[in-house]
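*Asks:* Protein chains in written order, with my numbering: chain A, 1 to 358; chain B, 1001 to 1261. Input: one structure, supplied below.
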């Protein structure tokens, strides 16, 4: 009953093309933003900020980036972590080498560098598709990590390429506490997520989806394939690059090239597969699932074991955690191959008619 | 028929030959299309009809022959350039964007007319927003014309075949093409759907003056709605003329019914 579209008539195209056309969605998003900006800071502890919320937001951003490329433009990529590394190292170098450059500007420049590299590795996409393209982007993954280790200049001659990020100073104020960092990350993620939402509902997004769904028809309509694909690579890598910069500056504080491994690329890929390919919200849901579920199981399993008086060693718990995690992934993919976002959408459609079945 | 006047030659194909390796898809084919007419291409399976359309809109590049578009010889060009020259088409097997709604599919048809760049799109500001509204208005006209208002927000993958064909026509029409290439627009349809499609094709031709090049197997339809017919067989042209001429052409009868019928 709460979620009813009935009676919400659109009398102009402007109203019909709103970001969130349904009133309840608008209210929901506003409430969510209010909770994230105002509610959470009141209640969450430092542990929550630095171990759960900040990485969740950062990985959501990276997943969002990959989702633009894979979910919307249909180009499979296994290089997300590498593009994050480019963003992190570029932002670090901008801070290091340009006197007095504002931190946000170096984040943006980090993103732009990642975009440039992304375009470079996106060039093969004109000729190769699907799994073969994924292998081509795999080259980015190995090449960039190798590059960052091989050239000491990139990490200011530190041993094995480890960088320790500079202070976060915005308008003369240094962000030290996890709360401040959380708010910075949140603000950036919200702005970029809104931009992504706008992009995918505009002509740019339609061109991406057209290329994804049927490239011959897309070109016959007048879409130039290569620029469209490269734009997707650029914007996707920009998002990943900014996520990488945030990962280094706001989450870990010091990173090494090997930290941005293929494992991490896969993790981001799984986030969008489970969250929903071709959905902005799916990126967030997927990141939450992949990052938060292990933490939840960590806490819940010993508690359950204690409840039934079972003698679980911590090793057993971690084994069971991995088992359960894998089983849950399979369960969700079988129930809904289109991801959590689709489940959410189906739930909304059901709510529309509830309590009637038809 | 209506008051539309068939004009000058708009597209002139001269001695087109197309080969894929050793396979000759088209051999020395010449014909022309006049402005505002409905021109049908017919022929048995594998005669090279779809290849012919692909040559016209730049998907295939013929090895020999010349193509004149509005009197100008055309250089080798890519499909998106054909779109910019106002040539739109539909496909034999539906080539809609399955993951998008009907509205978005048809909006995509107007992509060559949109100028805003991706930064404006990301900010949803100024030109991007104005264009979105203006083109939405035009797209709604197409939706009204094709009588598909009720499904405008439905993902095309969920629509029945006949409606998908109609949406694909809508996407082509949204580009306001000067020439529309239709590859078997009525394949697999029942009688009512065929009648609807015929009505739309005739209305498009009549109201917008769009030149139509049509591939169709239903002889009743072809003979009924087209102004002139060209007949292909094994990549060669065996007949060309008004429907009645073609119907009585010996070569055409032989190709369709076999020798010594």
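Here a beta-carbon is modelled for each residue, glycine too, at the ideal position from N, C-alpha and C.
In the DSSP assignment, find the unbroken alpha helix (DSSP H) run with residue 1077 of chain B in it and report its ends.
*Replies:* From DSSP, residue 1077 of chain B is part of no alpha helix (DSSP H); its letter is neither H nor E.
*Asks:* When the cut-off is 8 Å and only beta carbons count, does residue 1151 of chain B lie next to chain A?
*Replies:* no
*Asks:* Since residue 204 of chain A meets chain B, which of its residues come closer than 7 Å, beta carbon to beta carbon?
*Replies:* 1118, 1121
*Asks:* Would you check if there are 3 or more beta carbon pairs closer than 8 Å linking the segment 1069-1085 of chain B to the segment 1051-1061 of chain B?
*Replies:* yes
*Asks:* For residue 1080 of chain B, go through chain A and note every residue whose CB falls closer than 9 Å to its CB, in chain order.
*Replies:* 218, 219, 220, 221, 222, 223, 224, 225
*Asks:* If you draw a straight line from the C-alpha of residue 336 of chain A to the C-alpha of residue 279 of chain A, how long is it?
*Replies:* 14 Å
*Asks:* Return yes when the Cβ of residue 1135 of chain B is within less than 8 Å of the Cβ of residue 1110 of chain B, no when it is not.
*Replies:* Here residue 1110 of chain B is near residue 1135 of chain B, since their CB atoms are less than 8 Å apart.
*Asks:* Is the shortest distance between the beta-carbon of residue 1083 of chain B and the beta-carbons of chain A less than 8 Å?
*Replies:* yes
*Asks:* Looking at chain A, which residues of the segment 1130-1161 of chain B have a Cβ within less than 7 Å of any of its Cβ atoms?
*Replies:* 1132, 1133, 1136, 1137
*Asks:* Roughly how far, in whole angstroms, is the beta-carbon of residue 229 of chain A from the beta-carbon of residue 126 of chain A, given that I think they are within contact range, below 8 Å?
*Replies:* 7 Å
*Asks:* Residue 1107 of chain B versus chain A: which residues are under 8 Å apart at the beta carbon?
*Replies:* 203, 206
*Asks:* Around the C-beta of residue 14 of chain A, are 16 or more other C-beta atoms found within 10 angstroms, so that it is buried, or is it exposed?
*Replies:* exposed
*Asks:* What is the DSSP secondary structure of residue 1014 of chain B, counted as helix, strand or coil?
*Replies:* strand
*Asks:* Roughly how many whole angstroms lie between the Cα atoms of residue 1187 of chain B and residue 1216 of chain B?
*Replies:* 8 Å
*Asks:* Identify whether residue 1009 of chain B lies in helix, strand or coil by the three-state DSSP scheme.
*Replies:* Three-state result, residue 1009 of chain B: strand.
*Asks:* List the residues of chain B that residue 213 of chain A touches, going by C-beta distances under 8 Å, in chain order.
*Replies:* 1096, 1097, 1098, 1099, 1100
*Asks:* Tell me which residue opens and which closes the alpha helix (DSSP H) that residue 1103 of chain B is part of.
*Replies:* 1102-1108
*Asks:* With distances taken from CA atoms, which of A/233, A/199, A/186, A/318 is nearest residue 60 of chain A?
*Replies:* A/186
*Asks:* Within the 8 Å Cβ cut-off, does residue 1112 of chain B reach chain A?
*Replies:* yes
*Asks:* Can you name, in chain order, every residue of its own chain whose Cβ lies under 6 Å from the Cβ of residue 314 of chain A, other than the five neighbours on each side?
*Replies:* Sequence-distant partners of residue 314 of chain A (beyond 5 residues in either direction) whose C-beta falls short of 6 Å from its own C-beta are missing from its chain.
*Asks:* Quick check on DSSP: helix, strand or coil for residue 1072 of chain B?
*Replies:* strand
*Asks:* Quick one: which chain A residues come within Cβ less than 7 Å of residue 1104 of chain B?
*Replies:* 206
*Asks:* Using the beta-carbon count (16 or more within 10 Å), is residue 1069 of chain B buried or exposed?
*Replies:* When all chains shown are included, residue 1069 of chain B counts as buried.
*Asks:* When you compare the CB of residue 426 of chain A with every CB in chain B, is at least one pair closer than 8 Å?
*Replies:* Limits of chain A in this structure are 1 at one end and 358 at the other, which puts residue 426 of chain A out of reach.
*Asks:* At a cut of 8 Å, does the segment 345-352 of chain A reach the segment 286-293 of chain A through at least three beta carbon pairs?
*Replies:* no
*Asks:* Determine the DSSP secondary structure at residue 1066 of chain B, reduced to helix, strand or coil.
*Replies:* strand
*Asks:* My output table needs one value for residue 1040 of chain B: the three-state DSSP class, helix, strand or coil.
*Replies:* strand
*Asks:* Quick one: what does DSSP say residue 1227 of chain B is sitting in, helix, strand or coil?
*Replies:* coil
*Asks:* Counting only Cβ pairs nearer than 9 Å, list the residues of chain B close to residue 8 of chain A.
*Replies:* Neighbours of residue 8 of chain A on chain B: none; closest Cβ ~14 Å, over 9 Å.
*Asks:* For a contact defined as C-beta to C-beta under 8 Å, what are the partners of residue 182 of chain A on chain B?
*Replies:* Correct list: empty, because the minimum Cβ distance to chain B is about 24 Å.
*Asks:* Let me confirm a value: residue 205 of chain A is counted as buried when at least 16 other C-beta atoms fall within 10 Å, else exposed. Which label applies?
*Replies:* buried
*Asks:* So, under 8 Å CB-CB, residue 1203 of chain B and residue 1053 of chain B are touching, yes? Tell me the CB distance rounded to an integer number of Å.
*Replies:* The Cβ separation is near 22 Å, so there is no contact.
*Asks:* For chain B, check one thing: does any of its Cβ atoms lie closer than 8 Å to the Cβ of residue 14 of chain A?
*Replies:* yes
*Asks:* Do residue 89 of chain A and residue 163 of chain A have their CB atoms nearer than 8 Å?
*Replies:* yes
*Asks:* My output table needs one value for residue 1166 of chain B: the three-state DSSP class, helix, strand or coil.
*Replies:* helix
*Asks:* Considering residue 1145 of chain B, what are the terminal residues of the alpha helix (DSSP H) in which it resides?
*Replies:* Residue range 1127-1145 is occupied by the alpha helix (DSSP H) that includes residue 1145 of chain B.
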